[in-house]
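The structure under discussion appears below in the form of C-alpha cells.
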Amino acid sequence: MPSAKNYDFVVIGAGVFGAWIAYFLRQSGARVCLLDAYGPANSRASSSGETRIMRMGYGQDELYTRWAARSLPLWQQLSEQTGVELFRKTGVLWLSNDADTHVETMLSVLQRCGISANRLSAGEIAQRYPQLSFADITGGVLEPESGVLMARRSVQLLVRELIKDGVEYLTGAVIPPQGQGKLNHIETIQHVSVSGGAYIFACGAWLPKLFPALLAGHIHPTWQEVFFLGVPAGSREFEIGCMPAWLHHSHTERPYVLPDIENRGLKISFDRHGPQIDPDTALRVVSRQSIELVQQYLSEHVPALRHAPIVETRVCQYENTANGDFLIDLHPELENVWLVGGGSGHGFKHGPAVGNYVSGRILHNASPEPRVSLAAKPSMTLRTVF
Ligand SMILES: Cc1cc2nc3c(=O)[nH]c(=O)nc-3n(C[C@H](O)[C@H](O)[C@H](O)COP(=O)(O)OP(=O)(O)OC[C@H]3O[C@@H](n4cnc5c(N)ncnc54)[C@H](O)[C@@H]3O)c2cc1C
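Under my numbering, the residues of the sequence shown are numbered 11 to 396, in order.
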C-alpha cells in the first residue's frame, strides 16, 4: 500500500458544512484535504438543491438568528470575490395567525438583534401581493433584507476557490474509522490512505451510516420533496420583486415557496418530515400524494397556478437531530475526530457560521456552544428549532 498523504486537517464531506470548514481551516494557513464520495454538492447531498432560503427569523431562538446574521455577509463576500451571483434578495415573508406566537416572538428577537423586519397586516399582504390569497392568516412579518442562496452553485464554487487556494480535493468514499484514541489515518474504499492531525466528518445524512453505534439514534435522515411549477406564459408576477419567498408558518403542512428564479418556475415544498431515507440507494421520485397536496395548496393560495404544470421535481433529505439543533462535537472515543452535521432542514444558510465555529473550536479551543454537543442531543424526537 502506498504511504498516506499527510495534512494538518482532513475534512470528509464537501457539502456546505465541510466546504466552509475547509475554508476557515485553510485561512489559518493549514494544509487541508477535502474528500467527498460523490463530489461537492452532488445530487444525493442535502446541499445540492438549486436554492435555499436565507432567513434570519427563528422564533425565540436567538442563537440561530445570530448565526444566520453572521453568515449572510460571508456568502455575499464569496459572491463579490468571485463575481458569481449567489444570493438573491427576495425578501422573506412569514405568514401567520394570532394563535401562532412563534412569529410574534421572532419579531422582537429580530429587532433586538438589529435585523430589519416589518409587521404586515393581512390587508397589506393582500394589497402588496394580489397574486396570492391567504384567507387563513391575520398578518405576517417581512424580512426585507433576507432572500435565497443559490445552493449547489455556491458550494461547488467555494470548493473550486478552495482548490485554487491550495486545499487538496479528492473524490473518495471514506471507510468508517474504528478503534479508540488517536486516529492515524483514514482510507477510502478506493484504497487511498490520507493522514492528518484531525479529521472532521461533515457527512450529512451519512453520519449515522458511518458511526451507527454512536449516531443512529441521534440523526434521522428523512425524505423531502421539492416541486417547481411552470408559471403562465409571459407572466411577471412570480418573479423576484413581485413576490417574496414565503413561509406559511401557521399552516399544518408548513409550506414554503420561492419565487421564479432563473426561469425555473415557482418552487414549493413542505417543511414537515417525510419517511426515513437511505441517501445512497433511494429512488428519488416524488409521490402522487404530494403532487395532490401541492395542487390543493396552490389552488387555495396561488389561484393562477391552480392548473400549472409541474416542470421539475427533486427528492432531497433532511438529516434531523431530535430537536433540530446541529451536532458539532468531538467523537467520544476518537480524540482527533470531529462530527459535524444535523442540519435538520435549516443548515444551509449557516454554512459560514458553522465553518467559523468548528475552526475556532479546533484551532483556538474556543468555548463550546452547549446546544450543539452530542451530550445535549435528546433521543426523543421533539422538534423545537424552526
Ligand atoms: C428539501 C430541502 C430544503 C432545505 N431548505 C433549506 C433552506 O431553505 N434553508 C437552509 O438554510 N437549509 C435548508 N435545507 C437544509 C440544508 O440544505 C442542509 O442542512 C445542509 O445542506 C446540510 O449540509 P451538510 O454539509 O451537512 O450535508 P451534505 O450536503 O449532505 O454533505 C455531506 C457530504 O458528505 C459526503 N459523504 C458522505 N459519506 C461520505 C464518505 N464516507 N466519504 C466521503 N464523503 C462522504 C456526501 O457525498 C455529501 O456530499 C434544506 C434541505 C432540504 C433537503
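Glycine included, each C-beta is placed from N, C-alpha and C at the ideal position.
Closest by CA to Val395, which one among Leu373, Gly352, Asn375 and His258? Comparing Cα positions, the closest option is Gly352.
Beta-carbon proximity of Val204 to Val42, cut-off 8 Å: no
If you run the structure through DSSP and keep just helix, strand and coil, what is Gly334? coil
Can you tell me where the beta strand (DSSP E) with Gln234 in it begins and where it stops? His230 to Leu239
Sorted by chain position, which residues of the same chain lie with C-beta nearer than 8 Å to Arg122's C-beta, five sequence neighbours on each side aside? Glu72
Whole alpha helix (DSSP H) elements within the region 60 to 97, 4-residue minimum: 72 to 92
Quick check on the DSSP output: the beta strand (DSSP E) that includes Ser106 runs from which residue to which? First-last of the beta strand (DSSP E) with Ser106: Val102 to Ser106.
Excluding the five sequence neighbours on either side, which residues of its own chain have a C-beta within less than 6 Å of the C-beta of Leu35, listed in chain order? Phe19, Val42 and Ser369
Quick check: does the Cβ of Asp46 come within less than 7 Å of any heavy atom belonging to ligand 1? yes
Quick one: what's got a C-beta closer than 6 Å to Glu247's C-beta in the same chain, skipping five residues either side? Gln141
Under 8 Å between C-beta atoms of Ile147 and Leu180: no
Below 8 Å, can you find three or more Cβ-Cβ pairs linking the region 69 to 85 to the region 180 to 196? no
Are at least three pairs of beta-carbons, each pair with one atom in the region 300 to 318 and one in the region 276 to 284, less than 8 Å apart? yes
Using the Cα positions of Ser245 and Leu308, report the straight-line distance between them to the nearest angstrom. In this structure, the CA atom of Ser245 is about 17 Å from the CA atom of Leu308.
When the Cα atoms are used, what is the spatial distance from Val325 to Ala255? Distance from the CA of Val325 to the CA of Ala255, rounded to the nearest whole angstrom, comes to 20 Å.
Do the CB positions of Lys359 and Ala78 come within less than 8 Å of each other? yes
Any heavy atom of ligand 1 within a distance shorter than 7 Å of the CB on Gln234? yes
Whole runs of the beta strand (DSSP E) within the region 250 to 317, excluding any shorter than 3 residues: 255 to 258, 265 to 268 and 276 to 280
Short check: CB of Asn330 to CB of Gly361, under 8 Å? no
What are the boundary residues of the beta strand (DSSP E) that includes Trp348? Val347 to Gly351
Contact check, Gln327 vs Pro231, beta carbons under 8 Å: yes
Proximity winner among Lys174, Gly240 and Gly227, relative to Pro10 (alpha-carbon distances): Past the boundaries of the shown model lies residue 10; the chain is included only from 11 to 396, so the question cannot be answered.
Compare the beta carbon distance of Val94 and Ser57 with 8 Å and say whether it is the shorter of the two. no
Determine the burial state of Arg54: buried for a count of at least 16 other Cβ atoms within 10 Å of its Cβ, exposed for fewer. buried
Cutting at 8 Å between CB atoms, please list the residues of its own chain near Ile31, excluding the five before and the five after it. Val21, Ile210, Ala212, Val350, Val364, Gly365, Val368 and Ser369
Helix, strand or coil, according to DSSP, for Ile320 in the structure here? Reduced to three states, the DSSP call for Ile320 is strand.
So, at 7 Å on beta carbons, what are the nonlocal neighbours of Glu345 in its own chain, with the 5 sequence-adjacent residues on each side left out? Gly191 and Lys192
Could you give the first and the last residue of the continuous beta strand (DSSP E) run that contains Ala208? Where Ala208 is concerned, the enclosing beta strand (DSSP E) stretches over Ser203 to Phe211.
In the DSSP output, which residue or residues are listed as bridge partners for Gly191? Beta-bridge pairing by DSSP links Gly191 to Leu344.
Distance cut-off 7 Å: Lys359 Cβ against heavy atoms of ligand 1: yes
Whole angstroms are fine: how far does the CA of Gly49 sit from the CA of Glu60? 16 Å
Name the DSSP beta bridge partners of Ile372, please? Bridge partners of Ile372: none, in fact.
Identify the residues that DSSP records as bridge partners of Lys219: which are they? Partner(s): none; Lys219 has no beta bridge.
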